[in-house]
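Sequential numbering of the sequence shown, starting at 190, is according to the working numbering. Don't be surprised by glycine CBs; every beta carbon is placed ideally from N, CA and C. Nothing here was measured: the structure is a model prediction, and the numbers come from that model. See below for the structure under consideration.
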Amino acid sequence: MRLGRTALLLALACSLLTGAAQLVIKAAADRGRAAGWTDASTLGWLLAAHALLGLGFLAFLLALRRGELSTLYPVLAARYVWVVAATPFLFSTESLTPLKLAGAALAALGVAIVARARTSEER
């Protein structure tokens, strides 16, 4: 089965949505430590994270209707790149070290290799 543009975009959307959910969960954890888990502001962040996860799940479900799991699943690894790149800008206690940057680059390279290998098999 050929990987269509729509399937790829849906898998990338899933990656972005679930990556954003991880960042929101981190924000909730930070607020929960300060205000307590039952505080309304903390619960709001957790509800937002669940909404993002649900939308990501839906995007991936729709992607799977248009493509193969073995092709689409590696695209989800891009989530690690988004989270590593965004974390130091959103959380002052986090930093982007050369080792973290190298790991994110390797993850991105792995996604590209899997996608390229799959495309080559289809030719």
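Straight-line Cα distance separating A267 from A297 = 6 Å
task = Reducing DSSP to helix, strand and coil, say where S281 ends up.
result = coil
query = Along the chain, where does the alpha helix (DSSP H) that runs through L261 open and close?
reply = L258 to L261
key: Cβ neighbour criterion (16 or more within 10 Å) applied to T260   = buried
key: W271 and L198 closer than 9 Å at C-beta   = Going by C-beta atoms, W271 is not nearer than 9 Å to L198.
key: Alpha carbon of R220 to alpha carbon of S284, nearest angstrom   = 19 Å
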